[in-house]
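From first to last, the protein sequence lines stand for chains E and P.
For the record, in the first sequence the residue sitting at position 189 is 188 according to numbering that gives the first Met the number 0, with numbers rising by one throughout.
For the record, in the second sequence the residue sitting at position 121 is 120 according to numbering that gives the first Met the number 0, with numbers rising by one throughout.
By construction, the Cβ of each residue, glycine as well, lies at the ideal position given by its N, Cα and C atoms.
In this text the structure is predicted, and so the values were computed from the model without any measurement.
There are 2 protein chains.
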Amino acid sequence: MNKDEIRKLHLFAALDAQQFDHVSETSVASKLVPHQNLFFQGESASHFYLLVSGQIKLYLLSPEGEEKIIDIIQPGQFFAEAVMFMEGQRYPVNATALVESEVLAFDNHVYRSIIENSPRVSLAVLSDFSRRMHFMLNEIDRLALHSASYRFVYYLLENVSEEESQIDLVISKQTIASQLSIKPETLSRILKRLRSEGLVEADGRQIKILDREALRAVLLR
Amino acid sequence: MNKDEIRKLHLFAALDAQQFDHVSETSVASKLVPHQNLFFQGESASHFYLLVSGQIKLYLLSPEGEEKIIDIIQPGQFFAEAVMFMEGQRYPVNATALVESEVLAFDNHVYRSIIENSPRVSLAVLSDFSRRMHFMLNEIDRLALHSASYRFVYYLLENVSEEESQIDLVISKQTIASQLSIKPETLSRILKRLRSEGLVEADGRQIKILDREALRAVLLR
DNA sequence: CGTTGCCCTTGATTTATGTCAAGTCTTCAC
DNA sequence: GTGAAGACTTGACATAAATCAAGGGCAACG
């Protein structure tokens, strides 16, 4: 991921050359080894991040130490950028690398001061934020109104392309389970049932959708 | 709620006199009777709203017709304002009056065009949005990581003031149950248990917190 | 009044999902 | 290749919450 590619990402696309240079000059690159923490919930937030390579999990912990994964960041995605507009400016989640990763850290003040003079940029951010909120709303919907199998089937359909019916899970089943707020045992059983019903084939991280229509129908029942 | 009060609300506080006049001149007031719908999920969105009096529920429906209340809007609150920055511009939820209500509808284009020239205003909106996202994140946390009784106790503690230990529920228990994603029967049983444990007293919509510390402790177990 | 409708409660039962425990399979280091 | 650690699966069991069903209380209304 080079400078030109970064420049095209939504948070930067509306910047002019000078603004972009300023932002990228003040950015800091760093490498993370697997399981290395980037920040913790409650910490004071001075930067937002772009993932260049690897995978980062954003998660919450319950008092009993149970982990709920809020999001798995993939290369090219920004994260923790909403924090810079919040009072208090504290990270609302924990962030840890799942695998070896490279991130770019951008200074909140630098970006904010650009926004203060550039309505085009703020519209881009506003549109990003409203998309995000829509996303979270859907997540709340699924958690509140739908069963564990619904959520898993939904996940499968979200991650399968139009043409190919083969899915290559990029994260472990445990991690998916946590994202969907299911226990790994339950996920395993749901997958077993889908297999026995002839809806999918599964081999490790390779999952093949055999009957897409029938899967969609599961969402309605 | 008069013009001066409206002017002080966060989405308008950063507007100058001329901008505010433009916004308020193009607004439309309307009255809703109980159970009257304001908009439906998926409808094209041209306005956002301020609730002047009454109560509005924002909710989603599952395929089986089950209702999940996302939010109960109280007087002085805006709603559906994030939609104006989204592509597609469709309402992501349904909105229905719970009781007789008055709303003010503001034109998305008018407000958006002001933002395009007024960085101060967009910062105010950005800060509002990030606060909202934080809220939603907490809701996801509670749904994913915590039990029904946790959610109800949390709700009680959120709605009790520092000084008074008396809570006057402004909405029905059914409605609260739907907001917390609990069935009414379950809510009734949770309340019964809290009563029998001597933590609260309850009479209809009047709930009195008897032991605040013990209630807080329930959140940790 | 009485009755109608709604909100709330209570009891009995079911069900989805979690928990605990054990075992297999895979990967990867040495 | 061997061993260790982690990922995944499976079975037996426990449990929170949903569901189904019935009844009580209360306000509104003729």
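Residue from the options whose Cα sits closest to the Cα of residue i
{"i": "P/ILE71", "options": "P/LEU57, P/PHE77, P/MET83", "result": "P/LEU57"}
{"i": "P/ALA16", "options": "P/ARG6, P/LEU10, P/THR25", "result": "P/ARG6"}
{"i": "E/LEU49", "options": "E/LYS2, E/GLU65, E/PHE105", "result": "E/PHE105"}
{"i": "P/LEU218", "options": "P/LEU59, P/ARG192, P/VAL152", "result": "P/VAL152"}
{"i": "E/SER177", "options": "E/GLN76, E/GLU65, E/ARG130, E/LEU122", "result": "E/GLU65"}
{"i": "E/PHE11", "options": "E/THR174, E/ARG141, E/GLN76, E/VAL92", "result": "E/GLN76"}
{"i": "E/SER100", "options": "E/SER117, E/PRO74, E/ASN93, E/GLY53", "result": "E/GLY53"}
{"i": "E/HIS46", "options": "E/MET135, E/VAL22, E/VAL124", "result": "E/VAL22"}
{"i": "E/LEU179", "options": "E/ALA123, E/SER129, E/HIS145, E/GLY203", "result": "E/HIS145"}
{"i": "P/ARG130", "options": "E/ARG89, E/ARG119, E/GLU162, E/SER121", "result": "E/ARG89"}
{"i": "E/LEU168", "options": "E/VAL51, E/ASN93, E/GLN73", "result": "E/GLN73"}
{"i": "E/LEU8", "options": "E/ASN93, E/LEU59, E/VAL124, E/SER171", "result": "E/VAL124"}
{"i": "E/LEU59", "options": "P/ALA216, P/GLU163, P/SER171, P/ALA143", "result": "P/ALA143"}
{"i": "E/SER29", "options": "E/VAL51, E/ASN107, E/ALA44", "result": "E/VAL51"}
{"i": "P/PHE84", "options": "P/GLU162, P/ASN107, P/ASN93", "result": "P/ASN107"}
{"i": "P/PHE134", "options": "E/ASP3, E/VAL92, E/PHE78, E/LEU14", "result": "E/VAL92"}
{"i": "P/LYS182", "options": "P/ILE170, P/PHE78, P/VAL109, P/LYS67", "result": "P/LYS67"}
Beta-bridge partners of residue i, as assigned by DSSP
{"i": "P/GLU225", "result": "Shown here, chain P extends from 0 to 220; a query on residue 225 of chain P therefore has no answer."}
{"i": "P/THR95", "result": "P/ASN36, P/LYS56"}
{"i": "E/GLU200", "result": "E/LYS207"}
{"i": "P/ILE166", "result": "P/ILE206"}
{"i": "E/HIS145", "result": "BP columns for E/HIS145 are empty, so no partner."}
{"i": "P/ILE71", "result": "P/LYS56"}
{"i": "P/ASP106", "result": "P/HIS46"}
{"i": "P/PHE77", "result": "P/LEU49"}
{"i": "P/ARG89", "result": "P/SER43"}
{"i": "P/GLU66", "result": "P/LEU60"}
Cα-Cα separation, residue i to residue j
{"i": "P/PHE38", "j": "P/ILE55", "result": "11 Å"}
{"i": "E/THR185", "j": "E/VAL27", "result": "41 Å"}
{"i": "P/GLY87", "j": "P/ALA81", "result": "12 Å"}
{"i": "P/VAL32", "j": "P/PRO62", "result": "27 Å"}
{"i": "E/LEU103", "j": "E/ASN1", "result": "12 Å"}
{"i": "E/ASP127", "j": "P/LEU214", "result": "39 Å"}
{"i": "P/ILE69", "j": "P/ILE175", "result": "10 Å"}
{"i": "P/ARG188", "j": "E/LEU136", "result": "28 Å"}
{"i": "E/GLN173", "j": "E/SER117", "result": "43 Å"}
{"i": "P/ALA216", "j": "P/GLU163", "result": "19 Å"}
{"i": "E/ALA79", "j": "P/MET132", "result": "11 Å"}
{"i": "P/GLU161", "j": "P/ILE170", "result": "21 Å"}
{"i": "E/VAL109", "j": "P/ASP20", "result": "33 Å"}
{"i": "E/GLY203", "j": "E/GLU138", "result": "26 Å"}
{"i": "P/THR25", "j": "P/GLU4", "result": "18 Å"}
{"i": "P/ALA44", "j": "E/ALA44", "result": "35 Å"}
Sequence-distant residues of its chain with Cβ nearer than 8 Å to residue i (five each side left out)
{"i": "P/ILE166", "result": "LEU155, ASN158, VAL159, GLN205, ILE206, LYS207, ILE208"}
{"i": "P/ARG192", "result": "SER148"}
{"i": "P/ARG194", "result": "GLU200, ALA201"}
{"i": "P/GLU196", "result": "ALA213"}
{"i": "P/SER121", "result": "ILE114"}
{"i": "P/VAL98", "result": "PRO33, GLY53, GLN54"}
Chain-order list of residues whose beta-carbon lies under 6 Å from that of residue i (same chain, five-residue window excluded)
{"i": "E/GLN18", "result": "ILE113"}
{"i": "E/ASP210", "result": "LEU198"}
{"i": "E/THR95", "result": "ASN36, LYS56"}
{"i": "P/ARG141", "result": "ARG150"}
{"i": "E/ALA13", "result": "ARG119, VAL120, ALA123"}
Chain-order list of residues whose beta-carbon lies under 7 Å from that of residue i (same chain, five-residue window excluded)
{"i": "P/LEU190", "result": "ALA201"}
The ligand PLP heavy atom lying under 7 Å from the CB of residue i
{"i": "P/SER23", "result": "Within the structure as shown, the ligand PLP is missing, as the structure has no ligands at all."}
Legend entry - Cβ pair count under 8 Å reaching 3, the stretch 30–46 of chain P against the stretch 102–120 of chain E: no
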